[in-house]
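First the structure, in the form of structure tokens, and then the observations on it.
There are 4 protein chains.
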Amino acid sequence: MTDTPPTQPRTVVYTQRVEFGDCDPARIVWFTNFFRWIDAASRHFFIQCGVPPWHETEKASGLIGTPLVDTHARFVKTASYGDTLQIHSHVAEWRDKSFVQRYRIQRENADRSVDLIMECDEVRIFAARREDGKGIRAIAIPPEIKALCS
Amino acid sequence: MTDTPPTQPRTVVYTQRVEFGDCDPARIVWFTNFFRWIDAASRHFFIQCGVPPWHETEKASGLIGTPLVDTHARFVKTASYGDTLQIHSHVAEWRDKSFVQRYRIQRENADRSVDLIMECDEVRIFAARREDGKGIRAIAIPPEIKALCS
Amino acid sequence: MTDTPPTQPRTVVYTQRVEFGDCDPARIVWFTNFFRWIDAASRHFFIQCGVPPWHETEKASGLIGTPLVDTHARFVKTASYGDTLQIHSHVAEWRDKSFVQRYRIQRENADRSVDLIMECDEVRIFAARREDGKGIRAIAIPPEIKALCS
Amino acid sequence: MTDTPPTQPRTVVYTQRVEFGDCDPARIVWFTNFFRWIDAASRHFFIQCGVPPWHETEKASGLIGTPLVDTHARFVKTASYGDTLQIHSHVAEWRDKSFVQRYRIQRENADRSVDLIMECDEVRIFAARREDGKGIRAIAIPPEIKALCS
Chain F
380 MTDTPPTQPR TVVYTQRVEF GDCDPARIVW FTNFFRWIDA ASRHFFIQCG VPPWHETEKA
440 SGLIGTPLVD THARFVKTAS YGDTLQIHSH VAEWRDKSFV QRYRIQRENA DRSVDLIMEC
500 DEVRIFAARR EDGKGIRAIA IPPEIKALCS
Chain V
380 MTDTPPTQPR TVVYTQRVEF GDCDPARIVW FTNFFRWIDA ASRHFFIQCG VPPWHETEKA
440 SGLIGTPLVD THARFVKTAS YGDTLQIHSH VAEWRDKSFV QRYRIQRENA DRSVDLIMEC
500 DEVRIFAARR EDGKGIRAIA IPPEIKALCS
Chain W
380 MTDTPPTQPR TVVYTQRVEF GDCDPARIVW FTNFFRWIDA ASRHFFIQCG VPPWHETEKA
440 SGLIGTPLVD THARFVKTAS YGDTLQIHSH VAEWRDKSFV QRYRIQRENA DRSVDLIMEC
500 DEVRIFAARR EDGKGIRAIA IPPEIKALCS
Chain U
380 MTDTPPTQPR TVVYTQRVEF GDCDPARIVW FTNFFRWIDA ASRHFFIQCG VPPWHETEKA
440 SGLIGTPLVD THARFVKTAS YGDTLQIHSH VAEWRDKSFV QRYRIQRENA DRSVDLIMEC
500 DEVRIFAARR EDGKGIRAIA IPPEIKALCS
């Protein structure tokens, strides 16, 4: 829209089949499974951006993962088994010690129409183990990871 | 205890052990399990308030449960296996076709101190199956349920 | 390839990524997740063979799925997040009201070597709801399904 | 086998509520959840017998848990949400580097009758991390643990 076009944040799509066991007696996806898939999509996002898996970063720099601090999800349409979902994710905001990862879960139907199933904004941190071995602590966002994922 | 006492909303406590398999390679509860437990605490809240189980209400009035529309959670401290958690829940707000259910997950430690682990606000609806058999729809809040749960 | 070739049972392969949240504090797949995936592979097997999804068969013939009667699994090697697993499944035996579905979960490594992760034999039935609405009952194996899946 | 009566193995009971989200579209417990609960009952058995939690034994002796080698389960009756299940477990056999843990999952009904829901025999090992950091290995059964649990 302007002379200097806004940079589009890097977006990664994660595909997830919905299985029978993901659904509850109301025959729709039991919502906790959306969070399972979003968590996988979050990790997948970093892998696709070129960040090594956490068990490697733990050895190299102590980084063990990106635990959640805050999550806000809005459920728009139901999904059921037989559906295939696309989870679009990108980093919407980088802060000092945290970042906002944003997700849209969509379903492309047989007639090519697309349904929005769920939206979610997560605040995550980069974490290392605490020195006393009890729990975890936030570390500054590694600049090389920020560069890979923007 | 005053002339016009504030009405305290009815609160129910649901107790949950944390198991080995609830924890991830960071040795803390994998966050999706908090949502499993909150969903159980939600149903438990209604049962404790005297609402029949959903398979009975489905026959009587078509009500199949209280699916989530929106959830917002804040993760404060980590928990791990061996912990026992108390999930306090109440209805913080009644709307026309939805309500806000609020949760505090706490851990009482060996020294009697209490840690806040997680807070969550959910917007839920009362749902029935759609007549065409596809998906679900919101119904007005049954007044007898509201009376039992306030 | 001979005059009287042995009939190979139809085999379907289901691919599954292992995610961080599928692993436990020992950093290996928490075994219950193998059963999640096997259950999905079982359903996927029938879909790939051309059997309609259970919500369609329920309307047509009352068939709601293939619940487990007996399962026997042997865990050979561990898997962890970052792995991609192939679940090979076929029907090893057809009985009157039940059948044996057999699974091999394998991991193809970067050097093209293949590890056997887990083997499982399940006895499943074809089930319909009981007339009194309480629980389920076994039905005779539908011959058209047997034909599709052999 | 002798004049002195056989010693009854130590048995521990673990109680588990069945929740809505534990059930599938057939409205019965999705079987993978039985394995979640059996795994919890296994750990609970050792805790009740006086064995320290695995994160303590890991520091003391390297023992990180009792992973499964083999499991054989038989599903007898279905269960659904609202049920409370009792999981009875004991060690049925001690071998050199493994042991057989046996489970009976029962439901006591409102009329005091008891239904057998599921039986399971597991072969488990005592495990430590491998020195190269890749995966786990079996260790000899610690005699003090055997003494506590027999």
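From first to last, the protein sequence lines are chains F, V, W and U.
Numbering-wise (the working numbering), the first sequence opens with residue 380 and increments by one.
Numbering-wise (the working numbering), the second sequence opens with residue 380 and increments by one.
Numbering-wise (the working numbering), the third sequence opens with residue 380 and increments by one.
Numbering-wise (the working numbering), the fourth sequence opens with residue 380 and increments by one.
Even for Gly, the Cβ is constructed at its ideal location relative to N, Cα and C.
Owing to the predicted nature of the structure, the values given are computational and were not obtained by experimental measurement.
Suppose contacts are defined by Cβ-Cβ distances below 8 Å. Is residue i in contact with residue j by that definition?
i: ALA405 (chain V); j: PRO431 (chain F); result: no
i: THR450 (chain F); j: ALA452 (chain V); result: yes
i: ALA458 (chain W); j: ARG483 (chain W); result: no
i: ILE407 (chain F); j: ILE515 (chain V); result: yes
i: SER468 (chain W); j: VAL391 (chain W); result: yes
i: ARG503 (chain U); j: PHE478 (chain U); result: yes
i: ALA540 (chain V); j: PRO388 (chain V); result: Within the shown structure, residues of chain V are numbered from 380 to 529, placing residue 540 (chain V) beyond reach of any answer.
i: ILE417 (chain V); j: ALA506 (chain V); result: no
i: PHE399 (chain W); j: MET497 (chain W); result: no
i: LYS525 (chain U); j: LEU495 (chain U); result: no
i: ASP500 (chain V); j: ARG474 (chain V); result: no
i: ILE528 (chain W); j: CYS402 (chain W); result: Residue 528 (chain W) is actually Cys in this sequence, not Ile. No. Outside cutoff.
i: HIS434 (chain W); j: TYR393 (chain W); result: no
i: ILE426 (chain F); j: LYS476 (chain F); result: no
i: PHE454 (chain U); j: VAL493 (chain W); result: no
Based on the DSSP secondary-structure assignment, which residues constitute the bridge partners of residue i?
i: TRP473 (chain U); result: U:PHE478
i: LEU527 (chain F); result: BP columns for LEU527 (chain F) are empty, so no partner.
i: SER468 (chain V); result: V:VAL391 and V:TYR482
i: THR463 (chain F); result: F:ARG396
Give the range of the beta strand (DSSP E) segment to which residue i is assigned.
i: ALA507 (chain V); result: 493-508
i: ALA517 (chain F); result: 515-518
Can you find a CB in chain C that lies within less than 8 Å of the CB of residue i?
i: HIS469 (chain V); result: Among the chains of the structure shown, chain C does not appear; the protein chains present are F, V, W and U.
For residue i, verify whether its CB is less than 7 Å away from any heavy atom of the ligand NAD.
i: HIS467 (chain U); result: In terms of ligand content, the structure shown is empty, and the ligand NAD therefore cannot be addressed.
Review point. Using a beta-carbon distance cut-off of less than 7 Å, what residues from the segment 494-527 of chain V approach chain F?
Key: GLY514 and ILE515
- Message: For the segment 412-432 of chain U, list every residue whose C-beta sits within 7 Å of some C-beta in chain V, in sequence order.
- Response: ARG415, ASP418, ALA419, ARG422 and PRO432
Subject >> Segments of 4+ residues assigned as alpha helix (DSSP H) that fall wholly inside the segment 388-454 of chain F >> reply: 411-428 and 433-440
Fill in: Residues of the segment 385-405 of chain F with Cβ closer than 7 Å to any Cβ of chain U, in chain order
PHE399, GLY400, CYS402, ASP403 and PRO404
Q) At a Cβ cut of 8 Å, what residues of the segment 432-464 of chain W count as close to chain F, listed as they run along the chain? A) PRO432, TRP433, HIS434, GLY444, SER459, TYR460 and GLY461
Near-chain U residues of the segment 463-486 of chain W (beta-carbon distance less than 7 Å), N- to C-terminal order: none
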